[in-house]
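Peer 1:
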Amino acid sequence: MEGVPKEQKWNFEWALFFGIWVGVLIALPALFMGIMKSREKKEIAHNQSFEIATIDGVEEKYHTKTGTMYLRFHYHYQHKNRLFRDNVDYKYKRYFVEFTRDKRELIKHKKFPVILSSKDPSNHQILIFWSDFSKYNLPFPDSLKWSEKLFYNR
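So the working numbering is basically just the index in the sequence shown, starting at one, shifted up by 17.
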């Protein structure tokens, strides 16, 4: 930075310093979350057990920060006489084609598999779509072929 006045050089160095630290502070939580998700997935894969979940309802959710429409599936399952309730969000445009309110009512009380850790049954993943099964290298079962018509109009 030869020929640059000392004041501008100093400002540039401080801006670079703060820019790098802001980048690091933003990247660290994302990295931490990725590591935690990976650990949970590994734990489920190594100690896998299966249960059947029942869909309690589906609602539209609009995330204002991202401006994205989601469908939230509420479900419950039972493992060793303990009841677990949870929900999972899926991006609307990624997964659904014309998934109307009538179709949301049809999905209520339908059953889907849940893969869970036998050591910690609260660590689980409901398996609804092809992509959910592929995360765990599981084949999509023929018993769920009906869902393709409901979700994708196929």
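Backbone N, C-alpha and C define an ideal beta-carbon position, used for all residues, glycine too.
Please confirm if the region 94-112 is in contact with the region 130-143, defined as three or more CB-CB distances below 8 Å between the two stretches.
Peer 2: Yes, the region 94-112 touches the region 130-143.
Peer 1: Measuring CA to CA, which of LYS120, HIS63 and ARG102 is closest to ASP73?
Peer 2: It is ARG102 whose Cα lies nearest to the Cα of ASP73.
Peer 1: Looking at the unbroken alpha helix (DSSP H) that takes in TYR79, where does it start and where does it end?
Peer 2: Premise fails: TYR79 lies in the beta strand (DSSP E), 65-80, not in any alpha helix (DSSP H).
Peer 1: Can you tell me whether PRO130 is buried or exposed? The criterion is at least 16 other CB atoms within 10 Å of its CB, across all chains shown.
Peer 2: The residue in question, PRO130, is buried, as its Cβ has 16 or more Cβ neighbours within 10 Å.
Peer 1: Can you give me the Cβ contacts of LYS127 inside the same chain, cut-off strictly under 7 Å, excluding the 5 residues immediately before and after it?
Peer 2: Counting only Cβ-Cβ distances below 7 Å, and skipping sequence neighbours, we find ILE72.
Peer 1: When the Cα atoms are used, what is the spatial distance from MET86 to LYS78?
Peer 2: Each residue's alpha carbon lies about 6 Å from the other.
Peer 1: Please state whether DSSP places LEU133 in a helix, a strand or coil.
Peer 2: Reduced to three states, the DSSP call for LEU133 is strand.
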